[in-house]
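Residue numbers (this note's numbering): 34 to 193.
All residues carry an ideal CB built from backbone N, CA and C; glycine is no exception.
Predicted model only: the values in this text are computed from it and were never measured.
Working notes, structure below.
Right under this line is the structure:
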């Protein structure tokens, strides 16, 4: 299934050159949710570029992901206002609780963690976004409770 989307995207760029790399990667990530090893390999073959060159370009831009997002994608703002109001402590707690670094996804694909430079909600600092929903004036304790609520929901859904 995943390869079909990649192949379709590549077919839309039949004689693409190096200048098409970023748009192709963006399209694949939009379609697949991330850039898999297979996607990078296929793009390299299509553009006649080594995978190392593609990874070099893709890792330069923080818009690209190399792991799928979790069911609950947690984005923590690290902008100035959020930092001053304690988002570093929120991030530390999330990393410890989820055993993740930003940009990673749990093995069960339940949670993924990301940081951003600013969410534009400075008056609500510190801010966390989970699947598009904003949580204002978040503390490590509040986020820990939210994570546990998601875990409880998942275990309840798995049982029933």
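The C-alpha of residue 47 is placed about 46 Å away from the C-alpha of residue 186. Taken through DSSP and simplified to helix, strand or coil, residue 122 comes out as helix. According to the DSSP assignment, residue 110 belongs to the beta strand (DSSP E) that extends over 105-110. Contact check for residue 72 and residue 112: beta-carbon distance about 31 Å, past the 8 Å limit, so the pair fails to qualify. In the three-state scheme derived from DSSP, where H, G and I count as helix and E and B as strand, residue 94 is classed as coil. Rounded to the nearest angstrom, the gap between the Cα atoms of residue 115 and residue 51 is 38 Å.
Taking the Cα positions, residue 55 is about 39 Å away from residue 188. Nearest Cα to residue 62 within the set 98, 163, 110 and 171: 98. A residue is called buried when at least 16 other Cβ atoms come within 10 angstroms of its Cβ; residue 75 meets this threshold and is buried. Within the region 130-192, the runs of alpha helix (DSSP H) at least 4 residues long that lie entirely inside it are, in chain order, 173-192. Taking C-alpha positions only, residue 83 is separated from residue 49 by approximately 15 Å.
Residues of the same chain with a CB within less than 7 Å of the CB of residue 176, apart from the 5 flanking positions on each side, are 123, 126, 127 and 161 in chain order.
In this structure residue 163 is not in contact with residue 87, their Cβ atoms being roughly 30 Å apart against a cut-off of 8 Å. Less than 7 Å separates the beta-carbon of residue 60 from that of residue 42.
Within the model, the alpha-carbon separation for residue 57 versus residue 178 is close to 39 Å.
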